[in-house]
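First comes the structure, then the notes that go with it.
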Amino acid sequence: ISKPPPGPVASSIACMAGLPSVPTSSGMFWEVVGGGERGGLLVREGADTASAALSERLHTGSLVRELVAEGQRLCYHFLAGGGPATGWVSTELAGPPPKALLRRIEGTVWSVAGGGDKGGIIVRGGADLASEVCADRLCTGSFVEELGAHGDRLHYRLLNGAGPQQGWVSVRINGKELLVRSEANQIQQASPLSSAPSQPRKIRILAMSGSRSCKDLLKLQTGPLKAVLGKVAEWVYAEGNVEHPLADFLPTFSEFEQTIVKKAGRVTSWYTDIYHCNMGRPCIEMQCDPEVRVESVEIPERVQELRAFIEAQGPFDVVLGFSQGCIMLNYLIGHLRRESGSDVMPWKMIAFFEGMHIRDEAYFDLFATKCSHPTALQIINMRRECATQTVSSGR
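Per our numbering, residue 1084 is the first one in the sequence shown, and the count goes up by one each step.
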């Protein structure tokens, strides 16, 4: 059973779905230091600097969390300051000399959780509790960078919020936490007016199985990705309605897969293909031979069934297709494009795994022009001969 590599997939889903609440491998915090003369940094929808620019800039002084980094481009999650909740920005401008637009924060980042009823927490000039008290308090909801520590006393530099730029504060008093460490696996959004972290809703993912498969096998295939996304994602699994005789296809599965299929009690496909060629050839060979004419049966009816399922179970942020599930998803997208004349879909992102292009010539017109809807990635098993043919076909 093919299983997707979870790390890059999780990062792509988080960033492209516009719901960046998924821990990434780096988890770096960045401070916006450039763009002051222009009202902040230009934010774009994608990593490509030619992608569409957002109307709002990321304000200078804002604090963001890294989701995905590609060279000098950064996909971020907004934490504090001002600007879009997520997007892509440049970390520096080309020189000579290069100019930093964001500064990677090397020290530990803390958020001020206490002092809400007093306008913030007390700041002193030194680690000693007898040292001079600063005139201003460090406001609740502020973010600070750790410069040093002595016991429960923290030497900080203000990143975002209000209060003295530097000073010493108590991390806790009488067991009550005044500052909370922003761990690598946490994303919290706070404002200077509130210490309560936001509760982003879960990313809703629709996963579509392949041909001659079932939802239970799909759950196994997507297991690593589900484990990485954790509790921030809600999964719905879908399988086709074309049922096959279980006894005919059971021998095609491994011994372990057979136990899963037997428990499910059925294997299904999204639709049936008719191959106009010598039927004695292996199925995968017929699928991948561009000289073989393929006729897909009852596609409009199958598309309508899928639409009804999505309308009943949705809305979804991400639609993930595996094998024939990718092709079925392409059929749906094509029909929606033809009806609306638009590439805007009722979800935010697509992820393809082990898919290929539509083979029935009767439906090539659905993609006479390339669809611009965001697709996170398309993983193809390059060990298969048909993968090369699929990629080189350009469809």
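No residue lacks a Cβ here, since even glycine has one placed at the ideal position from N, Cα and C.
In chain order, what are the residue ranges of uninterrupted beta strand (DSSP E) at least 3 long that sit wholly in the region 1157 to 1215? 1169 to 1173, 1185 to 1187, 1192 to 1195
In whole angstroms, what is the alpha-carbon distance linking Glu1139 and Thr1132? 16 Å
Meets three-Cβ-pair contact criterion under 8 Å: the region 1420 to 1431 and the region 1310 to 1318: no
Got a sec? Which residues, its chain only, sit under 6 Å from Arg1127 by beta carbon, not counting five neighbours each side? Ser1134, Ala1136, Trp1171
Assuming the contact rule is C-beta atoms closer than 8 Å, Arg1207 and Cys1222 should be a hit. Round their C-beta distance to whole Å, please. That belief does not hold up - the Cβ atoms of Arg1207 and Cys1222 are roughly 16 Å apart, past 8 Å.
Skipping 5 residues on each side, what residues in its chain have a beta carbon closer than 6 Å to that of His1238? Leu1230, Gly1231, Trp1251
From Met1111 to Phe1336, what does the alpha carbon distance come to, in whole angstroms? 43 Å
Just to confirm my understanding: we take Leu1176, look at its own chain, exclude 5 residues before and 5 after, and list those with CB closer than 7 Å. What are they? Lys1182, Leu1184
Met1432 - partner residues in DSSP beta bridges: Val1401
Quick check on the burial criterion: 16 or more other C-beta atoms within 10 angstroms. Buried or exposed for Gln1304? buried
Assuming Phe1399 contacts Arg1287 under a Cβ cut-off of 8 Å, what Cβ separation, rounded to an integer in Å, is found between them? 5 Å
Nearest neighbour of Leu1403, chosen from Glu1317, Lys1345, Ala1152 [CA to CA]: Glu1317
Using only alpha-carbon positions, find the residue among Met1369, Gly1122, Ile1416, Ile1343 that is nearest to Arg1385. Ile1416
Restricting to Cα atoms, I'd like to know which of Val1350, Gly1306, Phe1447 is closest to Arg1376. Phe1447
Which of helix, strand or coil does DSSP assign to Ala1445? helix
List the whole-angstrom C-beta distance separating Phe1405 from Ser1265, where the pair is believed to meet the contact cut-off of C-beta under 8 Å. Their Cβ separation, rounded to whole angstroms, is 36 Å, which puts Phe1405 and Ser1265 out of contact at 8 Å.
Rounded C-beta distance between Val1263 and Ser1194? I'm assuming under 8 Å. 5 Å
Beta-carbon separation of Trp1353 and Met1411 under 8 Å? yes
Short Cβ contact (8 Å threshold) for Gly1144 with Gly1164: yes
Look up Ala1136 in the DSSP assignment and give the residues it is bridged to. Arg1127
Identify the residues that DSSP records as bridge partners of Met1291: which are they? Ala1321, Gly1404
Would you mind reading off the limits of the beta strand (DSSP E) that contains Leu1150? 1146 to 1153
Beta bridge counterpart(s) of Val1350 as assigned by DSSP: His1327
Out of Cys1454, Tyr1320, Gly1119, Trp1113, which has the shortest C-alpha to C-alpha gap to Gly1397? Tyr1320
Glu1114 to Gly1129, Cα distance in whole Å? 20 Å
I'd like to know whether the C-beta atoms of Arg1220 and Gly1246 end up nearer to each other than 8 Å. yes
Looking only at its own chain, which residues have a Cβ that is under 8 Å from the Cβ of Gln1249, when we skip the five neighbours before and after it? Leu1230, His1238, Tyr1239, Arg1240, Leu1241
Closest residue to Pro1373 among Cys1360, Asp1331, Leu1301 (Cα-Cα distance): Cys1360
Looking at the structure shown, is Glu1120 part of a helix, part of a strand, or coil, going by DSSP? helix
Compute the distance between the beta-carbons of Val1192 and Phe1226, then report whether it is under 8 Å. yes
Hey, could you find the ends of the alpha helix (DSSP H) Asp1372 is sitting in? Per DSSP, Asp1372 belongs to no alpha helix (DSSP H) and is neither H nor E.
Please name the residue, chosen from Pro1307, Arg1186, Lys1298, Val1325, that lies closest to Ala1347 on a Cα-to-Cα basis. Lys1298
Three-state secondary structure assigned by DSSP to Phe1226: strand
What three-state label does DSSP hand Leu1419 in the structure shown? helix
Please list, in chain order, all residues of the same chain as Ser1277 whose beta carbon is under 7 Å from its beta carbon, the five residues on each side excluded. Confidence at Ser1277 is low in this model, with a pLDDT of 33, below 50, so its placement is unreliable and no value can be given for it.
Identify which residue in Ser1294, Val1344, Cys1409, Arg1349 has its Cα closest to the Cα of Thr1355. Ser1294
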